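Residues in the sequence shown are numbered consecutively from 895, following our numbering.
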Amino acid sequence: MATSIGRQAEKIAKQFLKNQGLKFIESNFYSRMGEIDLIMQESDTLIFIEVRYRKNTAHGSPLETITPSKQNKIRITAESYLGKHKLNNVDCRFDTVGLSGNIASPAVDWIKNAF
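In structure tokens form, the structure reads like this:
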């Protein structure tokens, strides 16, 4: 997320996930294929997280905006991260965090193994 509201949403998602027991590793990892908003860890599992925010859900939830094409870009970017950090045979998963409503106190929807 490139906007200031997007960065704020990522910050809220990061704190929410830390409160759920996840360990923060990195944010905004870029490769030529795209960006991963958050990288966190739960036990021995590395988690690549896409964060989405929508103030109004009248036209769908924030998570509905993560298209199959976007999912593929996130997978390829995750492979780039693993290669760059020489991480082989690491358990990984892809989660999503959707935030909606007022950004000051949004509703949070966390989906583990989203894709």
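We treat Cβ as the ideally placed atom computed from N, Cα and C, and that holds for glycine. If you're wondering where the values come from, they're calculated on a predicted model, not measured in any experiment.
One question on the structure: do residue i and residue j come within less than 8 Å of each other, judged by their Cβ atoms?
i: D1003; j: L957; result: yes
i: E944; j: I968; result: yes
i: K978; j: D989; result: no
i: L940; j: D985; result: yes
i: C917; j: M934; result: Inspection of the sequence shows that residue 917 is occupied by Lys rather than by Cys. Yes. Within cutoff.
Please return the same chain residues whose Cβ sits closer than 7 Å to the Cβ of residue i, not counting the five positions on each side in sequence.
i: I906; result: L993, P1000
i: N913; result: none
i: T959; result: R946
i: A1008; result: F988, D989, T990
i: M895; result: With a pLDDT of 48 at M895, under the threshold of 50, the modelled position of this residue cannot be trusted, and the question is left open.
i: F942; result: I930, I933, I968, A972, C986, F988
Give every residue of the same chain whose Cβ lies closer than 6 Å to the Cβ of residue i, excluding the five residues on either side of it in the sequence, and list them in chain order.
i: S955; result: G992
i: G995; result: A1001
i: T897; result: none
Applying the criterion that 16 or more other CB atoms from any shown protein chain within 10 Å of the CB defines a buried residue, is residue i buried or exposed?
i: E973; result: exposed
i: T971; result: buried
i: Y924; result: exposed
i: A903; result: buried
i: K908; result: buried
What are the boundary residues of the alpha helix (DSSP H) that residue i is part of?
i: G977; result: 962-978
i: N913; result: 898-913
Apart from the five residues on each side of it in sequence, which residues of its chain come closer than 8 Å, Cβ to Cβ, to residue i?
i: I899; result: Y947, I997
i: R921; result: Per the sequence shown, residue 921 should be read as Ser rather than Arg. Once the five neighbours on either side are set aside, the close Cβ partners of S921 are E904, K908, D931, L932, I933.
Where does the unbroken beta strand (DSSP E) through residue i begin, and where does it stop?
i: G928; result: 928-936
i: N996; result: Careful: N996 lies outside any beta strand (DSSP E) and carries neither H nor E.
i: T939; result: 939-948
Residue i: beta carbon under 7 Å from a heavy atom of the ligand FMN?
i: E929; result: Ligands in the displayed structure: none, and consequently the ligand FMN is not present.
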